[in-house]
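Q: Numbering-wise (my numbering), the sequence shown opens with residue 1458 and increments by one.
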Amino acid sequence: MKCFFVNSIVFILIGAGALFGQDPTQSRPVGLETGGDRVNSGIYAATQIPFAGTSNLMRASESPAYIFPDDASQAPDLASNSQEKSPGKAFLFSLLLPGAGQYYTKNNNSAVLFLGAEALLWLGLVGNNLYAEHLVDEYKTYAVQHAGVLDSGKDKDYWGVIGKYDDIYRYNDQRRRERRFDEVYEENAFYFWSWDSKTNRYNYDRARLKANEIADRDVYFWGAIALNHLASAIHALAMAKKYNKNLQEEGMSWEFRLDSRPPLDGKGYMGLVFQARF
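(1) Among the residues of its own chain, which have a CB less than 8 angstroms from the CB of Gly1605, if the five just before and after it don't count?
(2) For the stretch 1583–1600 against the stretch 1622–1635, are there 3 or more C-beta pairs whose distance is under 8 angstroms?
(3) In angstroms with no decimal places, state the Cα-to-Cα distance between Trp1579 and Trp1616.
(4) What three-state label does DSSP hand Pro1544 in the structure shown?
(5) Taking 7 angstroms as the limit between beta carbons, can you name the residues of its chain near Phe1678, skipping five residues before and five after?
(6) Using three-state DSSP, classify Ser1654 as helix, strand or coil.
(7) Determine the closest residue to Ser1551 out of Phe1571, Asn1657, Glu1670, Asn1669, with distance taken between C-alpha atoms.
(8) For Asp1624, does the three-state DSSP call read helix, strand or coil?
(9) Say yes only if the C-beta of Tyr1642 is nearer than 7 angstroms to one or more non-hydrogen atoms of the ligand ADP, and no if none qualify.
(10) Roughly how many angstroms separate the alpha carbons of Ala1681 and Ala1672, rounded to a whole number?
(11) Applying the criterion that 16 or more other CB atoms from any shown protein chain within 10 Å of the CB defines a buried residue, is Asn1564 buried or exposed?
(12) Run through the stretch 1626–1703 for me and flag every whole beta strand (DSSP E) of 3 or more residues, listed as ranges in chain order.
(13) What residue range is occupied by the uninterrupted alpha helix (DSSP H) comprising Gly1573?
(14) Considering only residues of the same chain and omitting the five flanking positions on each side of Asp1662, which have a CB-CB separation below 6 angstroms?
(15) When the Cα atoms are used, what is the spatial distance from Leu1592 to Ala1646?
(16) Start and end of the alpha helix (DSSP H) containing Asp1608?
(17) To the nearest angstrom, how far is the alpha carbon of Leu1587 from that of Leu1704?
(18) With distances taken from CA atoms, which of Ala1697, Lys1702, Asn1701 is nearest Leu1549?
(19) Check each candidate in Glu1595, Ala1589, Leu1666, Glu1590 and name the one with the smallest Cα separation from Val1618.
(20) Between the Cα of Pro1544 and the Cα atoms of Thr1562, Gly1556, Glu1575, which residue gives the shortest distance?
(21) Going by DSSP, what residue range makes up the alpha helix (DSSP H) through Asp1819?
(22) Under the rule that 16 or more other beta-carbon atoms within 10 Å means buried, what is Asn1566, buried or exposed?
(23) For Ala1568 versus Gly1556, is the C-beta spacing smaller than 8 angstroms?
(24) Considering Cα atoms alone, identify which of Ala1693, Arg1633, Ala1574 is closest to Lys1542.
(25) To the nearest angstrom, how far is it from the Cα of Asn1660 to the Cα of Arg1636?
(26) Suppose contacts are defined by Cβ-Cβ distances below 8 angstroms. Is Arg1634 in contact with Glu1640 by that definition?
Written out as structure tokens, the structure reads:
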């Protein structure tokens, strides 16, 4: 946190007695006493110049109570709304949920973009899976209709094999000739298939390959999701650093303003304040 040191110089514009109608002789002095040079601190948490009911310009002073107040509650809380953002937290937030780190660093437009991209990618992934499953159901139904296959209890290899051979007998003969006996299917109703035409077998195999191709697109969605998380995290880290830099630059400022205080303990003042922040 940056510390703010505020120096205020107040120039007296008019007399307290003329402005507020108070009798200075009946009031306990605050700050510089009339005609003296003693400084009373701890009355106001601000620099102030009291004056008597005359037009004589008093000497300006800086109240020690403002820089080192007797009561901490009187000190101005200049940093209450000046919290810096942790780049590490911003990075982690967006790594877990794209856009969260941007929201943390008050970069809401970017937060919406990254979060929206995340939502679209997940919708695309789910949609792609549903479409692939639909194609799988279609080619299995086609095999049931044109090859007499029982579709339950079969693994992925079986669905691939039946698209390469006209029937189970030709397949098993080929495996026996190649002495790959562990790949021979039992010739029963559970594993049986026999295509009614080569054309239908070709159509089936094309449909199966298309379904596999669609299912394989998942890897692109997963890669894009991972990239979105990483890009959002890096962007959030940069935004946190930029936020802190802007905060530091905003902390260095100066201003002139007119200030006044109602009479307390018989004294009031009005003055021009110069305020510099470092």
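For every residue, glycine included, the Cβ atom is placed at its ideal position computed from N, Cα and C.
A: According to the data block:
(1) The residue you call residue 1605 lines up with position 148 of the sequence shown. The answer, listed in chain order, is Phe1649, Trp1650, Ser1651.
(2) no
(3) Within the sequence shown, numbered from 1, the residue matching residue 1579 stands at position 122. Within the sequence shown, numbered from 1, the residue matching residue 1616 stands at position 159. Per the coordinates, the alpha-carbon of Trp1579 lies some 29 angstroms from the alpha-carbon of Trp1616.
(4) Position 87 of the sequence shown, counting from 1, holds the residue named residue 1544. Looking at Pro1544 - three-state DSSP - the assignment turns out to be helix.
(5) To locate residue 1678, count along the sequence shown from 1; it is residue 221. Leaving aside the five residues that flank Phe1678 on each side, the residues in its chain whose CB is nearer than 7 angstroms to its CB run, in chain order, Leu1578, Gly1581, Leu1582, Asn1585.
(6) For this step, residue 1654 is matched to residue 197 along the sequence shown. Ser1654: coil per DSSP, three-state reduction.
(7) Looking up residue 1551 in the sequence shown gives position 94. Nearest in C-alpha terms to Ser1551, of all of Phe1571, Asn1657, Glu1670, Asn1669, is Phe1571.
(8) For the purposes of this step, residue 1624 is taken as the residue at position 167 of the sequence shown. Three-state DSSP puts Asp1624 in a strand.
(9) For the ligand ADP, the structure offers nothing, since it holds no ligand at all.
(10) As a first step, residue 1681 must be located in the sequence shown, where it is residue number 224. As a first step, residue 1672 must be located in the sequence shown, where it is residue number 215. Approximately 16 angstroms between the Cα atoms of the pair.
(11) On the sequence shown, residue 1564 is found 107 positions in, with the first residue counted as 1. Looking at its Cβ environment, which holds 16 or more other Cβ atoms inside 10 Å, Asn1564 is buried.
(12) none
(13) In the sequence shown, the residue the question calls residue 1573 occupies position 116. Element bounds for Gly1573: 1565–1604.
(14) For the purposes of this step, residue 1662 is taken as residue 205 along the sequence shown, with counting starting at 1. Around Asp1662: Gly1620.
(15) Within the sequence shown, numbered from 1, the residue matching residue 1592 stands at position 135. Within the sequence shown, numbered from 1, the residue matching residue 1646 stands at position 189. Approximately 25 angstroms, taken between the alpha carbons.
(16) Taking the sequence shown and counting its residues from 1, the one referred to as residue 1608 is at position 151. Taken as a continuous stretch (DSSP letters only), Asp1608 belongs to no alpha helix (DSSP H), as it is neither H nor E.
(17) As a working note, residue 1587 is residue 130 in the sequence shown. As a working note, residue 1704 is residue 247 in the sequence shown. Cα to Cα, the separation comes out at about 48 angstroms.
(18) Within the sequence shown, residue 1549 is the residue found at index 92, counting from 1. When each option's Cα is compared against that of Leu1549, the closest is Ala1697.
(19) Numbered from its first residue, the sequence shown carries residue 1618 at position 161. Nearest of Glu1595, Ala1589, Leu1666, Glu1590 to Val1618, Cα basis: Leu1666.
(20) As a working mapping, residue 1544 is identified with position 87 in the sequence shown. Among Thr1562, Gly1556, Glu1575, the Cα nearest to that of Pro1544 is on Thr1562.
(21) No answer is possible for residue 1819: it lies beyond the span of the chain, which begins at 1458 and ends at 1735.
(22) Residue mapping note: residue 1566 aligns to position 109 of the sequence shown, counting from 1. With fewer than 16 other beta carbons inside 10 angstroms of its own, Asn1566 counts as exposed.
(23) Locating residue 1568 in the sequence shown gives position 111, where the first residue counts as 1. Locating residue 1556 in the sequence shown gives position 99, where the first residue counts as 1. Taking 8 angstroms as the Cβ cut-off, Ala1568 and Gly1556 qualify as a contacting pair.
(24) Working through the sequence shown from its first residue, we reach residue 1542 at position 85. The residue with the shortest Cα to Cα distance from Lys1542 is Ala1693.
(25) Here residue 1660 corresponds to residue number 203 of the sequence shown, with the count starting at 1. Here residue 1636 corresponds to residue number 179 of the sequence shown, with the count starting at 1. One C-alpha to the other measures close to 30 angstroms.
(26) To locate residue 1634, count along the sequence shown from 1; it is residue 177. To locate residue 1640, count along the sequence shown from 1; it is residue 183. No. Outside cutoff.
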